[in-house]
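As you go down the protein sequences, you meet chains A and B in turn. Residues in the first sequence are numbered from 7 upward in steps of one, following the working numbering. Residues in the second sequence are numbered from 251 upward in steps of one, following the working numbering.
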Amino acid sequence: MAITAGIIKKGWWRFRNTGRILREQSPFKVVFITVFALGFEIGLYLLFLDGFRFLDQLGGAGSLILNHLFALFFMGMGAMLVMSGIVTGYSTIFRSDEIPYLMTHPFTVSRIVLYKFFQAAVFASWSFGFVVIPFTAAYARFLELSPFFALWTLLFSLPFLVLCAGIGSVVVLLLVRWSPTGRALNLLCAAIPLLAGLLVWSLWQDAYDPSDDVQFTLSKLVPGLRPATNKLMPSWWVASGIVSLTRGHFLRGSMLWLLLVSTCAMLLMVIEWIGSATFVASWRRVIGSRRRSRHAPVLFPQAERLLSRIGADVRAVALKDVRIFCRDPSQWSQALIFFGLLALYFANLRNFRYHALPDAWRNTITFLNVFSVSAVVCSLGSRFVYPQLSLEGQGFWVLGLSPVKMGRIVKAKFVLAVLALLPISMALMLLSGAMLRADWPVRLLAVGLAGSISLAVAGLSTGLGAIFLDLRSRNPAAIVSSFGGTLNLVLSLGFMLLTIVPFGLIFHVRINGLLTPAGMIRAVILLSVWVTLITAATTIIPLRLGARSLSQRDY
Amino acid sequence: MISLKHLSKHYGSLVAVEDLSLEVPKGELFCFLGPNGAGKTTTIKMMTGLLKPRGGEVRICDIDIAADPVAAKLKIGYIPDMPYLYDRLTTTEFFRFTGEIYDLPRDLVAAQLEEQFTTFSLMDYRSVLVKDLSHGLRQRLVYAATFLHDPEVLFIDEPLVGLDPYTIRLIKDLLIRRASEGMTIFLTTHILALAEDIAHRIGIIMHGRVVALGTLDELIASSDGNNLEDVFLDLTSKQYE
Numbered sequence: 007m008a009i010t011a012g013i014i015k016k017g018w019w020r021f022r023n024t025g026r027i028l029r030e031q032s033p034f035k036v037v038f039i040t041v042f043a044l045g046f047e048i049g050l051y052l053l054f055l056d057g058f059r060f061l062d063q064l065g066g067a068g069s070l071i072l073n074h075l076f077a078l079f080f081m082g083m084g085a086m087l088v089m090s091g092i093v094t095g096y097s098t099i100f101r102s103d104e105i106p107y108l109m110t111h112p113f114t115v116s117r118i119v120l121y122k123f124f125q126a127a128v129f130a131s132w133s134f135g136f137v138v139i140p141f142t143a144a145y146a147r148f149l150e151l152s153p154f155f156a157l158w159t160l161l162f163s164l165p166f167l168v169l170c171a172g173i174g175s176v177v178v179l180l181l182v183r184w185s186p187t188g189r190a191l192n193l194l195c196a197a198i199p200l201l202a203g204l205l206v207w208s209l210w211q212d213a214y215d216p217s218d219d220v221q222f223t224l225s226k227l228v229p230g231l232r233p234a235t236n237k238l239m240p241s242w243w244v245a246s247g248i249v250s251l252t253r254g255h256f257l258r259g260s261m262l263w264l265l266l267v268s269t270c271a272m273l274l275m276v277i278e279w280i281g282s283a284t285f286v287a288s289w290r291r292v293i294g295s296r297r298r299s300r301h302a303p304v305l306f307p308q309a310e311r312l313l314s315r316i317g318a319d320v321r322a323v324a325l326k327d328v329r330i331f332c333r334d335p336s337q338w339s340q341a342l343i344f345f346g347l348l349a350l351y352f353a354n355l356r357n358f359r360y361h362a363l364p365d366a367w368r369n370t371i372t373f374l375n376v377f378s379v380s381a382v383v384c385s386l387g388s389r390f391v392y393p394q395l396s397l398e399g400q401g402f403w404v405l406g407l408s409p410v411k412m413g414r415i416v417k418a419k420f421v422l423a424v425l426a427l428l429p430i431s432m433a434l435m436l437l438s439g440a441m442l443r444a445d446w447p448v449r450l451l452a453v454g455l456a457g458s459i460s461l462a463v464a465g466l467s468t469g470l471g472a473i474f475l476d477l478r479s480r481n482p483a484a485i486v487s488s489f490g491g492t493l494n495l496v497l498s499l500g501f502m503l504l505t506i507v508p509f510g511l512i513f514h515v516r517i518n519g520l521l522t523p524a525g526m527i528r529a530v531i532l533l534s535v536w537v538t539l540i541t542a543a544t545t546i547i548p549l550r551l552g553a554r555s556l557s558q559r560d561y
Numbered sequence: 251m252i253s254l255k256h257l258s259k260h261y262g263s264l265v266a267v268e269d270l271s272l273e274v275p276k277g278e279l280f281c282f283l284g285p286n287g288a289g290k291t292t293t294i295k296m297m298t299g300l301l302k303p304r305g306g307e308v309r310i311c312d313i314d315i316a317a318d319p320v321a322a323k324l325k326i327g328y329i330p331d332m333p334y335l336y337d338r339l340t341t342t343e344f345f346r347f348t349g350e351i352y353d354l355p356r357d358l359v360a361a362q363l364e365e366q367f368t369t370f371s372l373m374d375y376r377s378v379l380v381k382d383l384s385h386g387l388r389q390r391l392v393y394a395a396t397f398l399h400d401p402e403v404l405f406i407d408e409p410l411v412g413l414d415p416y417t418i419r420l421i422k423d424l425l426i427r428r429a430s431e432g433m434t435i436f437l438t439t440h441i442l443a444l445a446e447d448i449a450h451r452i453g454i455i456m457h458g459r460v461v462a463l464g465t466l467d468e469l470i471a472s473s474d475g476n477n478l479e480d481v482f483l484d485l486t487s488k489q490y491e
């Protein structure tokens, strides 16, 4: 009991010291990040509110969707939390530097596993809070629900978070214990999202059995409606429970809450049981597997030969980064999940029958998909490209002492980021356009925009990463959430809006018949010039400033 | 106090430790030497329960660490070469946290805080976050926290890495005093002078096998050398040829 109290106290002390660390930061930085976070929340709130009003105005299907929206939202969040639980579960439970410390102190294995699980759950769920607050606030405002709605949401959200993150952790505990190690493990990890995608796809296929009820018609239009309204889904318990309590149906609401909490408690017992039985062997396996490989690397020497025409210094830096990225599953799995989910969604567009919609809607959805891809590119730019230079960390002296100009190091990082982001984003847009059977000009425009955004995000993130270099931090999350990281995300999203919104506006005007075809062509040409200019500026200026900042630094 | 019987550990085809048997009695300060990759850290990690031996047995204070790890860990202290610390705790909070996980009475922790922080010259850093400490200060904090629960057996991996001469002397004197008070100390080091200065017995490991074991005088007498460096190089230089 004292040990548990000690861990809780440690958590409290760390939380309390966060305030002290914040006070040591520049006030401008704290204010900037706070304003951005608030702006983000308010923006999301307004967006959700507008969406609810739009659905309500649609009437018919729109009103029916609204009734199920809460369940859909929690199902989507649940899926995200499980995915996030898998990624953070692996890095927190098995790869944390804290584990050797805990293992050499008198903690039982089950305590270590439960403690690290709760830590992983917190890491996995902070973004849930960012989304759930504006969503529920907008939902409550739209339906004019009582203020207690927020309390009930909190009451249900906490066990739901634990439940979803717990499922992710169980997957990780089993996978690490019984999956093959080394290259086979990497292949398996790569295959899991694909297999999961195939499973979801096949489930959807099964869900569309011929019937002509309203739910069927709706489920064609809104993916995931059937599973979201399945009464065995915890997300449905959450959505129904919150609504029940808000409407004064306390018996039903309490029953659903108890059902959720008891399921959560059972899952904790399962985690404790699996953890006690497997953790030590699994952890030793993880640390043992990275000790020595009997096989010489095959892929990288070939890549080195392929890139022999590139300058040796740039090639060396780029290949080093690729090696490190590929050898860290917590890094590449996140990128895979981001792009994998988008690819899955685009590949399934015809299952949702979006390609059968009228031309204007198909083109609009194609255009909206540019938003999806661009948002993912911005996230990846902030998550992976921005911290590239900072993650050189205490090893930066190797680059600092090497006979390579800092400008070339920045260039190498930029080229690598472009090679990673550009082909994937453009391929995804081509896939989206093809699946929707969008008009060719719209497809080309979408691909061009995705390409521009990838290029600009790569330049901006690399340049700002060099300007706000932080060689002390070894934690990518800390680098990403720093002032520079936040500024990078804000500017990337700002750039995305500056490029996409003007096109969106002229398409909107054209659909409403306020723009002639000739006027539309002129507007597209003008906007293309605009996008080209700001892409060039956003790519080149930060890179130059970043290279200059690096060359003027002390190391 | 420490009993190793036929301990072995393999990484794939690589033999890290092979058939290692060793007894370290109460109050002995034992230095484990060996070239890089000889198996020193692997041995220490098996003794602290971090690694599972392929074969053999580790007993600490007559407790099998594989059978009852928590009971064994209550008896030991371990200071790795690059110890993990909670960056967002102050030195005092880290010390108190260590007291909590060993379930020590608060008044004892408070008294020890004064004593250990004074010993390790940490009083001026009581409210400083761990992340703001230099390497030497972090090491001093680890020593202070490790001695808090008065372990019967202490394992130290490279005890003097990155420390200034003052702290080196402080730690050497402390280890000698603690051993004389009955603490069993098992340390690995590359600094042969340290072993010469403080070790009661010395073991030399190479390719996972103990190739020499005894007091400093015994080791010198058993070879043609004049000092520990000669003995060590005589035994291990073949690896580099």
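Glycine included, every Cβ here is placed at the ideal spot set by N, Cα and C. Bear in mind the structure is a predicted one, so any value in this text is a computation, not a measurement.
- Fully enclosed alpha helix (DSSP H) runs of no fewer than 4 residues occupy 446-473 of the segment 431-481 of chain A, in order along the chain.
- Between A/S97 and A/Y51, the alpha-carbon positions lie close to 32 angstroms from each other.
- A/N494 sits buried, since 16 or more C-beta atoms from the chains shown fall within 10 Å of its C-beta.
- Look at B/R451 here: in three-state DSSP terms it is strand.
- Selection A/G465, A/P409, A/M239 evaluated against A/G317 yields A/P409 as nearest (Cα-Cα).
- CA-CA distance, A/K35 to A/A144, rounds to 29 angstroms.
- Chain order gives the chain A residues near B/E350 as A8, I9, A11, G12, I13, K15, K16, where near means a beta carbon separation below 9 angstroms.
- At a Cβ-Cβ threshold of 7 angstroms, A/S487 and A/C384 do not count as neighbours.
- Beta-bridge partners assigned by DSSP to A/H111: none are found.
- Judged by beta-carbon spacing, A/L169 lies within the 7 angstroms limit of A/C270, meaning their Cβ atoms are closer than that value.
- At the C-beta level, B/P275 and B/G327 stay beyond 7 angstroms of one another.
- One Cα belongs to B/G299, the other to B/I315, and the distance between them is close to 6 angstroms.
- When 7 angstroms is used as the limit between beta carbons, B/T298 is near these residues of chain A: T110, in chain order.
- Secondary structure note for A/I531: its alpha helix (DSSP H) is the uninterrupted segment 523-557.
- Close to chain A, meaning a Cβ-Cβ distance shorter than 7 angstroms, are the following residues of the segment 343-368 of chain B: E343, F347, E350, I351, Y352, D353.
- In terms of Cα proximity to A/F46, the closest of A/I14, A/F123, A/V138 is A/V138.
- Taking the beta carbon of B/V320 as reference, the chain A residues within 7 angstroms of it are P112, T114, listed in sequence order.
- Assignment of B/F370 by DSSP, reduced to helix, strand and coil, places it in the coil class.
- Bridge partners of B/M456 according to DSSP: B/R459.
- Between the alpha carbons of B/V378 and A/S388 lies a distance of about 31 angstroms.
- Only those residues of the segment 92-107 of chain A whose C-beta falls short of 7 angstroms from the nearest C-beta of chain B are listed: D103, E104, P106, Y107.
- Here DSSP, grouped into helix, strand and coil, assigns B/S253 to strand.
- Closer than 8 angstroms at the C-beta level to chain B, one finds no residue of the segment 232-245 of chain A.
- When rounded, the separation of the alpha-carbon atoms in A/Q394 and A/F402 is 11 angstroms.
- With a threshold of 7 angstroms between beta carbons, A/R333 makes no contact with chain B.
- At least one C-beta of chain B is nearer than 7 angstroms to the C-beta of A/W19.
- A/W19 and B/T348 have their C-alpha atoms spaced approximately 13 angstroms apart.
- A Cβ of chain A is located within less than 7 angstroms of the beta carbon of B/L324.
- Close to chain A, meaning a Cβ-Cβ distance shorter than 7 angstroms, is no residue of the segment 392-406 of chain B at all.
- Using beta-carbon distances, B/L383 does not count as an interface residue toward chain A, since no partner is under 7 angstroms.
- Taking all protein chains in view, the Cβ of A/W279 is surrounded by fewer than 16 other Cβ atoms within 10 Å, so the residue is classified as exposed.
- Taking 7 angstroms as the cut-off, the Cβ atoms of A/S250 and A/R258 count as close.
- Assignment of beta-bridge partners to B/F282 by DSSP yields B/T438, B/G453.
- With respect to A/G95, A/V37 sits apart: the two C-beta atoms are not nearer than 7 angstroms.
- Membership of A/F154 in the alpha helix (DSSP H) is indicated by the continuous run 154-184.
- In the three-state reduction of the DSSP assignment, B/R309 falls in the strand class, which pools E and B.
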